[in-house]
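S.K.: Below you will find the structure I want to go over with you.
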């Protein structure tokens with residue numbers, strides 16, 4: 001077992017080391033200074049290996065601390081609950097979220113490249129490899145929950161024995177789900193993991209309603225009783241003790257892992273299979289209705305056909321996001337009316353939290369998917385024609401596409417902006433009526449900015465190859481930078497009026513600059529990558 005663990009750990013870190021070196025090579029300016037022989041240079045490999053080890057250690061605690069603080073402890077402390085009820089609220093959030101997490105993300109069923117290399121290429125013993133890696137990840141998970149459970153549990157009034165049982169419960173929940181999944185596989189049913197679960201639209205809607213509902217009921221004072229919470233914890237621990245034997249007695253780990261890997265990784269590494277997968281995926285997301293037509297001419301004709309064929313996935317997802325936002329606004333409105341104290345706190349939050357919506361609009365924007373679909377189902381063929389890369393043609397089609405993606409993204413943005421203005425009114429209003437308009441317009445401006453942003457960097461960098469893989473390091477750096485800027489804005493303390501007006505002005509300026517840059521540089525940069 002130890003030998004299997006040592007080989008597995010070295011394999012994982014070797015893969016991560018090479019991935020880090022490849023990432024450095026893709027960086028703009030810096031990457032050009034690094035030779036192609038960097039993968040064989042000891043000094044660079046040692047630096048990358050140290051970074052990989054630091055990453056491995058950091059995952060032990062950093063994400064757990066962030067999870068406990070932002071998703072559980074923070075709400076428990078700011079909620080309108082007494083000191084005596086804080087432990088109940090803490091457990092009310094912790095237990096359902098931990099059980100949900102055990103189903104959505106479970107180490108044993110995630111498709112990872114080091115699993116493919118170890119079991120499919122090096123032919124390592126699948127049972128030993130799976131169990132060793134699973135219990136290694138489980139040990140990290142247990143230690144993270146132990147430290148965070150003691151830290152936040154004691155602060156919020158739990159007894160020390162309760163804090164010590166939290167990591168046992170968390171590890172038990174993961175193990176119980178493993179036993180459940182293995183028994184499903186024995187009965188011939190497919191194994192589910194985070195990728196397959198999150199592709200389920202109904203599940204996503206359910207989670208988007210269940211999780212906010214969990215917080216809202218807790219803030220309203222309707223928490224799971226403390227004795228009921230510990231009954232659930234005891235049930236999970238006991239259930240794990242009774243069912244974990246099936247994990248050790250199971251013998252078909254190779255077949256199970258092959259199914260997990262084949263759905264995501266094996267096909268990605270086989271180029272011919274990858275092309276078939278892309279074709280099949282495209283057939284599922286676009287309409288093949290022969291009656292789809294258009295009365296328009298030129299690029300307007302091309303654009304209208306594209307939008308009609310992708311209506312289901314473009315507008316369908318936008319409508320789902322809008323429905324979820326509308327549902328949350330309705331729930332929050334009911335809370336404001338029924339519990340004035342919560343409404344008063346919400347009013348103060350709305351007046352200073354507009355910067356937080358940068359990260360929300362970043363998350364729900366469909367710009368990246370839109371550009372990927374544009375390339376795969378339109379541009380990668382038309383870019384072979386010279387007329388398609390003329391400045392006037394590029395700018396004309398850029399404006400048409402910008403109009404379309406803006407409409408798609410504005411539906412949830414306008415719903416959210418109108419909802420925020422409504423919540424501001426229901427929670428006590430504001431002395432300056434302009435704030436209502438600023439809330440609505442600034443949220444819409446953020447949506448327009450991201451629409452322009454993704455389309456602009458698509459035209460200026462065109463990051464995709466024929467398999468829609470991102471091959472531009474600069475594109476990835478810009479995306480990471482965009483996320484970091486949005487995250488930074490969460491710490492900006494500006495009144496709604498000033499931040500909203502600044503957002504609107506920046507959006508207008510960015511649109512003008514984007515059109516100029518696309519017109520000037522896109523004829524040289526808008527091409528197919530190899």
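Residue numbers (full-length UniProt numbering): 1 to 530. Where is the CB? At the ideal position from N, CA and C, for every residue including glycine. Computed from a predicted model, the values in this text were never measured in an experiment.
#1: CB residue 107 to CB residue 223, shorter than 9 Å?
#2: Mind listing, in chain order, the continuous alpha helix (DSSP H) runs of no fewer than 4 residues lying wholly within the segment 89 to 155?
#3: Could you give the DSSP three-state label for residue 459: helix, strand or coil?
#4: With DSSP run on the structure shown, which of helix, strand or coil describes residue 454?
#5: Looking at the unbroken alpha helix (DSSP H) that takes in residue 519, where does it start and where does it end?
#6: With H, G and I counted as helix, E and B as strand and the rest as coil, what does DSSP make of residue 362?
#7: Would you check if the distance between the CB atom of residue 142 and the CB atom of residue 171 is smaller than 9 Å?
#8: Find the nearest neighbour of residue 15 within the set 35, 112, 128, 101, judged by alpha-carbon distance.
#9: Could you say which of 34, 65, 13 lies nearest to residue 48 if we only look at CA atoms?
#10: Taking all protein chains shown into account, do 16 or more other C-beta atoms lie within 10 angstroms of the C-beta of residue 442, making it buried, or fewer, making it exposed?
#11: Out of curiosity, what's the CA-to-CA distance linking residue 177 and residue 103?
#12: Just the C-alpha distance for residue 58 and residue 303, rounded to the nearest angstrom, thanks.
#13: Cα separation between residue 221 and residue 459?
#14: Any contact of the segment 332 to 340 with the segment 413 to 423, i.e. 3+ C-beta pairs under 8 Å?
#15: Distance, Cα to Cα, residue 427 vs residue 415?
#16: Determine, using beta carbons only, whether residue 446 and residue 306 come nearer to each other than 9 Å.
#17: Quick check on residue 568: does DSSP put it in helix, strand or coil?
#18: For residue 402 and residue 366, which I take to be in contact (beta-carbon distance under 8 Å), what is that distance rounded to the nearest angstrom?
#19: Pop quiz: residue 229 and residue 93 are said to be a contact at Cβ under 8 Å. What is the actual Cβ separation, rounded to whole angstroms?
#20: Evaluate the contact criterion for the segment 405 to 413 versus the segment 493 to 503: three or more CB pairs, one atom per stretch, below 8 Å.
#21: From the DSSP output, in three-state form, read off residue 390 for me.
#22: Could you check how far apart the C-beta atoms of residue 156 and residue 243 are, in whole angstroms? I think they sit under 8 Å.
#23: Can at least three beta-carbon pairs, one atom from the segment 431 to 439 and one from the segment 366 to 378, be found at a separation below 8 Å?
#24: With 16 as the cutoff for other CB atoms within 10 Å, does residue 70 come out buried or exposed?
#25: Do you know how far the Cα of residue 109 is from the Cα of residue 536?
#26: Have a look at residue 351 and residue 336 and give me their C-alpha separation to the nearest angstrom.
#27: In three-state DSSP terms, what is residue 378?
#28: Using only the alpha-carbon positions, how far apart do residue 238 and residue 74 sit?
#29: Nearest-angstrom Cα distance between residue 166 and residue 11?
#30: Expressed to the nearest angstrom, what Euclidean distance is found between the alpha-carbon atoms of residue 362 and residue 368?
#31: Under 7 Å Cβ to Cβ from residue 438, same chain only, skipping five residues before and after it: list those, please.
#32: Does residue 227 come out as helix, strand or coil in the three-state DSSP assignment?
#33: Using the C-alpha atoms, what's the distance from residue 210 back to residue 338?
#34: According to DSSP, simplified to helix, strand and coil, what is residue 246?
#35: What residue range does the alpha helix (DSSP H) around residue 184 cover?
#36: Is residue 508 buried or exposed, if buried means 16 or more other CB atoms sit within 10 Å of its CB?
M.R.: To lay it out plainly:
#1: Position 107 of the chain shown, counted from the first residue, corresponds to residue 107. Position 223 of the chain shown, counted from the first residue, corresponds to residue 223. Residue 223 is positioned such that its CB atom lies no closer than 9 Å to that of residue 107.
#2: Correct list: 126 to 155.
#3: Along the chain shown, one-based indexing puts residue 459 at 459. Helix.
#4: To locate residue 454, count along the chain shown from 1; it is residue 454. In the structure shown, residue 454 sits in a helix (DSSP, three-state: H, G or I).
#5: Position 519 of the chain shown holds residue 519. Per DSSP, residue 519 belongs to the alpha helix (DSSP H) from 496 to 525.
#6: Position 362 of the chain shown, counted from the first residue, corresponds to residue 362. Three-state DSSP puts residue 362 in a helix.
#7: Mapped onto the chain shown, residue 142 falls at position 142. Mapped onto the chain shown, residue 171 falls at position 171. Their beta carbons are under 9 Å apart, which means residue 142 touches residue 171 by this criterion.
#8: Within the chain shown, residue 15 is the residue found at index 15, counting from 1. Here the closest residue by C-alpha is 112.
#9: If you number the chain shown from 1, residue 48 lands on position 48. Sorting 34, 65, 13 by C-alpha distance to the C-alpha of residue 48 places 13 at the top.
#10: As a position in the chain shown, residue 442 is number 442, starting the count at 1. Burial call: buried.
#11: The count along the chain shown starts at 1 and reaches residue 177 at position 177. The count along the chain shown starts at 1 and reaches residue 103 at position 103. Taking the straight line from one Cα to the other gives about 6 Å.
#12: The sequence position of residue 58 within the chain shown is 58, counting from 1. The sequence position of residue 303 within the chain shown is 303, counting from 1. Their backbone Cα atoms lie some 47 Å apart in a straight line.
#13: Numbered from 1 along the chain shown, position 221 holds the residue referred to as residue 221. Numbered from 1 along the chain shown, position 459 holds the residue referred to as residue 459. Pairing residue 221 with residue 459, the inter-Cα distance amounts to about 51 Å.
#14: They touch, by the three-pair rule.
#15: Mapped onto the chain shown, residue 427 falls at position 427. Mapped onto the chain shown, residue 415 falls at position 415. About 18 Å.
#16: What you label residue 446 is simply residue 446 of the chain shown in a count that begins at 1. What you label residue 306 is simply residue 306 of the chain shown in a count that begins at 1. No. Outside cutoff.
#17: A question about residue 568 goes unanswered here, because the residues of the chain that appear run from 1 up to 530.
#18: In the chain shown, residue 402 corresponds to position 402, counting from 1. In the chain shown, residue 366 corresponds to position 366, counting from 1. At roughly 13 Å, the Cβ-Cβ gap does not stay under 8 Å, so residue 402 and residue 366 are not in contact.
#19: Counting from 1 along the chain shown, the entry for residue 229 is found at position 229. Counting from 1 along the chain shown, the entry for residue 93 is found at position 93. About 10 Å separates the Cβ atoms of residue 229 and residue 93, ruling out a contact at the 8 Å cut-off.
#20: Cβ pair count under 8 Å is below three, so no.
#21: Mapped onto the chain shown, residue 390 falls at position 390. Residue 390: coil per DSSP, three-state reduction.
#22: For the purposes of this step, residue 156 is taken as the residue at position 156 of the chain shown. For the purposes of this step, residue 243 is taken as the residue at position 243 of the chain shown. With 8 Å as the limit, residue 156 and residue 243 do not qualify as a contact, their Cβ atoms being about 31 Å apart.
#23: Contact between the segment 431 to 439 and the segment 366 to 378 is not established, with fewer than three Cβ pairs separated by less than 8 Å.
#24: Position 70 of the chain shown, counted from the start, is the residue given in the question as residue 70. Result: exposed.
#25: Nothing about residue 536 can be read from this structure; the chain reaches only from 1 to 530.
#26: Residue mapping note: residue 351 aligns to position 351 of the chain shown, counting from 1. Residue mapping note: residue 336 aligns to position 336 of the chain shown, counting from 1. Cα-Cα distance, rounded: 15 Å.
#27: Stepping through the chain shown from its first residue, residue 378 is reached at position 378. Here residue 378 carries a helix assignment [DSSP, helix/strand/coil].
#28: Walking along the chain shown from the start, residue 238 turns up at place 238. Walking along the chain shown from the start, residue 74 turns up at place 74. Each residue's Cα considered, the two are about 30 Å apart.
#29: In the chain shown, the residue the question calls residue 166 occupies position 166. In the chain shown, the residue the question calls residue 11 occupies position 11. A straight line joining the alpha-carbon of residue 166 with that of residue 11 spans about 32 Å.
#30: On the chain shown, position 362 is the one that residue 362 refers to. On the chain shown, position 368 is the one that residue 368 refers to. When rounded, the distance between both Cα atoms is 10 Å.
#31: Taking the chain shown and counting its residues from 1, one reaches residue 438 at position 438. Within the same chain, residue 438 has close Cβ partners 496, 497, 500, 501.
#32: Working through the chain shown from its first residue, we reach residue 227 at position 227. Three-state result, residue 227: helix.
#33: In the chain shown, the residue the question calls residue 338 occupies position 338. In the chain shown, the residue the question calls residue 210 occupies position 210. Rounded to whole angstroms, residue 338 to residue 210 spans 20 Å at the Cα level.
#34: As a first step, residue 246 must be located in the chain shown, where it is residue number 246. The answer is helix: DSSP assigns residue 246 an H, G or I state.
#35: In the chain shown, residue 184 corresponds to position 184, counting from 1. According to the DSSP assignment, residue 184 belongs to the alpha helix (DSSP H) that extends over 160 to 186.
#36: In the chain shown, counting from the first residue as 1, residue 508 sits at position 508. Label assigned to residue 508: exposed.
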